[in-house]
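Remarks on the structure that follows.
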Amino acid sequence: MMTETSLSILPAEWEMSGAVLVAWPHPDTDWAYMLPEVQQCVREMIRAMLPWTPVIVACPDPDAAREELSELLCGSLSFFKTPTNDTWTRDYGPISVKNPSTGQYSILDFRFNGWGLKFAACHDNLVVGRMCSEGLLTAERVNCQDFVLEGGGIESDGAGLLMTTAECQLSPNRNPVLTKSCINERLLRYFGGEKVIWLHHGYLAGDDTDSHIDTLARFAPGNSIVYVGCDDPSDEHFSELQAMESELKEARNLNDEPFNLIRLPLPDPIYDEDGDRLPATYANFLALPNAVFLPTYGQPRKDLMARQMLQIVFDVPVIEVDCRPLIRQHGSFHCMTMQMPGAILSPSR
Numbered sequence: 022m023m024t025e026t027s028l029s030i031l032p033a034e035w036e037m038s039g040a041v042l043v044a045w046p047h048p049d050t051d052w053a054y055m056l057p058e059v060q061q062c063v064r065e066m067i068r069a070m071l072p073w074t075p076v077i078v079a080c081p082d083p084d085a086a087r088e089e090l091s092e093l094l095c096g097s098l099s100f101f102k103t104p105t106n107d108t109w110t111r112d113y114g115p116i117s118v119k120n121p122s123t124g125q126y127s128i129l130d131f132r133f134n135g136w137g138l139k140f141a142a143c144h145d146n147l148v149v150g151r152m153c154s155e156g157l158l159t160a161e162r163v164n165c166q167d168f169v170l171e172g173g174g175i176e177s178d179g180a181g182l183l184m185t186t187a188e189c190q191l192s193p194n195r196n197p198v199l200t201k202s203c204i205n206e207r208l209l210r211y212f213g214g215e216k217v218i219w220l221h222h223g224y225l226a227g228d229d230t231d232s233h234i235d236t237l238a239r240f241a242p243g244n245s246i247v248y249v250g251c252d253d254p255s256d257e258h259f260s261e262l263q264a265m266e267s268e269l270k271e272a273r274n275l276n277d278e279p280f281n282l283i284r285l286p287l288p289d290p291i292y293d294e295d296g297d298r299l300p301a302t303y304a305n306f307l308a309l310p311n312a313v314f315l316p317t318y319g320q321p322r323k324d325l326m327a328r329q330m331l332q333i334v335f336d337v338p339v340i341e342v343d344c345r346p347l348i349r350q351h352g353s354f355h356c357m358t359m360q361m362p363g364a365i366l367s368p369s370r
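So the sequence shown is numbered by our numbering: it starts at 22 and just counts up by one.
Below, the structure is given as C-alpha cells:
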C-alpha cells in the first residue's frame, strides 16, 4: 500500500470507462421510511445505465439485492458484499488517478467523515479498503486517510485544472488544522493539478454537503463549464448563484483563457413534507464516455432544457432518470454513483 502520490492525474469524468459503483438502499439506512420508493428509483438508475456500462452494486446482503433486481440480472450487473451506512458512493467510493507516463492507475482512499461529522460513516469509510483487500479493485491503494475529502467535492478537467468550493473544503469539521493554502497544495498533489479554481459563492437550500461542486458547476469538454443559474430575483438562491456566475466569468484556464460557460436552469422549488426546500439540481449528472445520465424532477420544460444543453456540450446521448425520490435525502444521480476505469477492476468481478 502506497502512502502518497504526486505523479498521477485525476482524469475528466467523461474519460473514464469501466464500471459504475452504486450502493443498494437497505433498511438500516436513512431510506428506511421510504424504502420501496427509493429502491424503485435506484432500480431505474441501474436499468438506464446497463446498456452503456457495467454496474457494481455494493450491499450488505447480495441475495436480497439480487432478488430486488431480478429483472435486470445480466453479465453486466454484479454485487459486492459490504456493510454501508448510506448510499452516496460518490463521496466514499474509490477515486482513480492515472500516471500519464506509465498509464497505471492508483486508487486514492480519503477519509470520509459523513460530510463534516453530520452523519455516521463508520462503514462507508471502509468500503474502498474492503474492495481492495477482497480483490475487486486491483490497482495500488493510496492511503489518504489523514485528509477528509468527498468525491462530490472535487472536479477535474483531466488536463491540470481542478475546481472546488471554499464552503466545502474549508469546513471546520473536515480538515480544521489546514489552511486554504495547505488544502490547495494537497489537492494539486493528490490529483496532479496545476491550478485550483475556488468558488466562494453558490449553494442549494437543503444541501447537507456544504456546497459540493457537483451540485453547482461541472467541467465539460471543449474548455467548458456547465453550471446552475438563476434568473428569478425572488428565489432565495438568486444572489448567491449570480455571484457564482460572476466568479465563473472571471475564471481562466491554464492558457489564461475564459471558459465556455453553459448555464443550466434551476429546477422549480421542490419541498419535503415539512415544507423545507430540497436541493434539486441538473448539475448532478453523471458523464461517461458514451452517455450522460441526467437527473430530472418532473418539470418537463426545464428537464428538456437541461437535456438539450448537455446534449450539445457532450455530443453523446443524454439519458433522463427521474430523481425526485433521491432528493428526499438531499442527493441526486451523480451523488449515487462513482465511475471506475476498467484497469482497476478484477477481470473476475
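The beta carbon of each residue, even a glycine, is placed where N, CA and C say it ideally should be.
In DSSP terms, what residue i is bridged to
i      : result
Val148 : According to DSSP, Val148 bridges with nothing at all.
Ile30  : Lys119
Ala40  : Met361
Val78  : Val43 and Phe100
Asp343 : Thr317
Lys216 : Leu182
Leu158 : Leu366
Val169 : Arg132
Reduced DSSP secondary structure (H/G/I, E/B, other) of residue i
i      : result
Gly363 : helix
Arg87  : helix
Gly96  : coil
Asn281 : strand
Thr110 : helix
Leu371 : The requested residue 371 is not part of the displayed model; the chain covers only 22 to 370.
Tyr211 : helix
Glu176 : strand
Phe259 : helix
Lys139 : coil
Asn205 : helix
Pro338 : coil
Leu199 : coil
Ser353 : coil
Pro57  : helix
Trp52  : coil
Arg273 : coil
Ser192 : coil
Trp73  : coil
Arg68  : helix
Buried or exposed (CB count within 10 angstroms, at least 16 for buried), residue i
i      : result
Val372 : Beyond the ends of the chain as shown, which are 22 and 370, falls residue 372; an answer cannot be given.
Gly319 : exposed
Met23  : Note that Met23 scores 41 on pLDDT, short of 50, meaning its location in the model is unreliable; the coordinates nonetheless yield the value given after this. That one is exposed.
His221 : exposed
Lys119 : buried
Leu138 : exposed
Gly172 : buried
Cys153 : buried
Cys80  : buried
Arg349 : buried
Asn276 : exposed
Glu176 : buried
Glu25  : The predicted model places Glu25 with a pLDDT of 47, which falls under 50 and marks its position as unreliable; any figure quoted below should be read in that light. Exposed.
Cys203 : exposed
Thr186 : buried
Cys143 : exposed
Leu157 : buried
Gly243 : exposed
Arg195 : buried
Thr200 : exposed
Gly214 : buried
Cys95  : exposed
Tyr211 : buried
Pro368 : exposed
Tyr303 : buried
For residue j and residue i, believed in contact at Cβ under 8 Å, the rounded distance
i      : j      : result
Thr110 : Ala44  : 5 Å
Phe335 : Trp35  : 7 Å
Val249 : Leu285 : 5 Å
Asp235 : His351 : Wrong, their Cβ atoms sit about 13 Å apart, outside the cutoff.
Pro321 : Met37  : Rounded, the Cβ-Cβ distance is 31 Å, inconsistent with contact.
Gly227 : Pro300 : 4 Å
Val59  : Leu347 : 7 Å
Gly107 : Phe140 : Looking at the sequence provided, one finds Asp at residue 107 rather than Gly. Contact flag correct, Cβ pair sits at about 7 Å.
Could I get the ranges of all uninterrupted beta strand (DSSP E) runs contained in the stretch 289 to 332, with 3 residues as the minimum, in chain order? 313 to 317
Write down every uninterrupted run of the beta strand (DSSP E) in the stretch 216 to 254 whose length is 3 residues or greater and which is fully enclosed by it, in chain order. 216 to 220, 238 to 241 and 245 to 249
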